[in-house]
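Residue numbers (the numbering used here): 20 to 101. Even glycine gets a Cβ: it sits at the ideal position worked out from N, Cα and C.
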Amino acid sequence: MTPQFEISEVSANKKDNIAVTGRALNTIRQGDVLYADPEGKEQVVVTEIRFRDQAIDQVEAPHACTLFIAANKSALHKYLFV
């Protein structure tokens, strides 16, 4: 099942990653791909999960957390706005 995340806020970069705050709609693990284009060239990848200011390996629905994601601009735009 594709990891799903309901975004409530997008924050500034941390180590070249974007922070998105919201809640998990299913299980999300560090390293999961939240978005990939059909060719698999552009991806949005979870690099870190923070729950109550502590790093964790995975989050279960319906917990709120912050995900740090790595993505190029095109993939990020498609993930956030399409």
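As assigned by DSSP and simplified to three states, the class of L53: strand
Alpha-carbon spacing of S27 relative to A74, whole angstroms: 19 Å
Continuous beta strand (DSSP E) stretch holding L180: start and end: Absent from the model: residue 180. The displayed extent of the chain is 20 to 101, so no value can be given.
Where A94 sits in the DSSP three-state scheme: helix
Pairwise C-alpha distance: S30 and I37: 6 Å
CB contact flag (A94, A55, <9 Å): The Cβ atoms of A94 and A55 sit closer than 9 Å to each other.
Cβ-Cβ separation, G41 to A24 (assumed contact under 8 Å), whole Å: The question names Ala, but residue 24 is Phe in the sequence shown. Contact holds; Cβ gap of about 6 Å.
Bridge partners - L86, DSSP secondary structure assignment: V39, I68
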